[in-house]
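Colleague: Just dropping this structure here.
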Amino acid sequence: MLDNTPVPSPCVRNCCLDDSDICLGCFRSLDEIRNWSNADNANREQILHRAAARRQSRPLPAFLTNKDPSPQ
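To convert a position in the sequence shown, counted from 1, into the working numbering, add 38.
Take a look at the structure:
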């Protein structure tokens, strides 16, 4: 039996696009965000995989690494 439950949006309500139009909250592209509501579950899963890959490839901000970015 197929599960027809929609894949939930990864939106974390922290929308801010970088220079490449990638959301810094959920790591989806602007086009992926726009197309999410019309995407089927297979496409949503692909979007989630791409967003996860983007998240993995980005360095963590200094405040999350417990490193002081200011010179000593």
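Ideal Cβ positions, reconstructed from N, Cα and C, are used throughout, including at glycine.
#1: Check this for me: beta carbons of N42 and N79, under 9 Å apart or not?
#2: Between the C-alpha atoms of R82 and L68, what's the straight-line distance to the nearest angstrom?
#3: So what does DSSP say about L55, is it helix, strand or coil?
#4: So the candidates are Q94, L62, L98, P97; which of them puts its Cα closest to the Cα of C49?
#5: Who are the near neighbours of F65 in its chain, counting only those whose CB is closer than 6 Å to its CB and skipping five residues on each side?
Modeller: Answer, in terms of the structure:
#1: As a working note, residue 42 is residue 4 in the sequence shown. As a working note, residue 79 is residue 41 in the sequence shown. Yes, these two residues count as a Cβ contact at 9 Å.
#2: Stepping through the sequence shown from its first residue, residue 82 is reached at position 44. Stepping through the sequence shown from its first residue, residue 68 is reached at position 30. R82 and L68: Cα-Cα distance of roughly 14 Å.
#3: For the purposes of this step, residue 55 is taken as the residue at position 17 of the sequence shown. Note: L55 maps to strand in three-state DSSP.
#4: Taking the first residue of the sequence shown as position 1, residue 49 is located at position 11. Comparing Cα positions, the closest option is L62.
#5: In the sequence shown, counting from the first residue as 1, residue 65 sits at position 27. Result list for F65: A89, R92, R93, in chain order.
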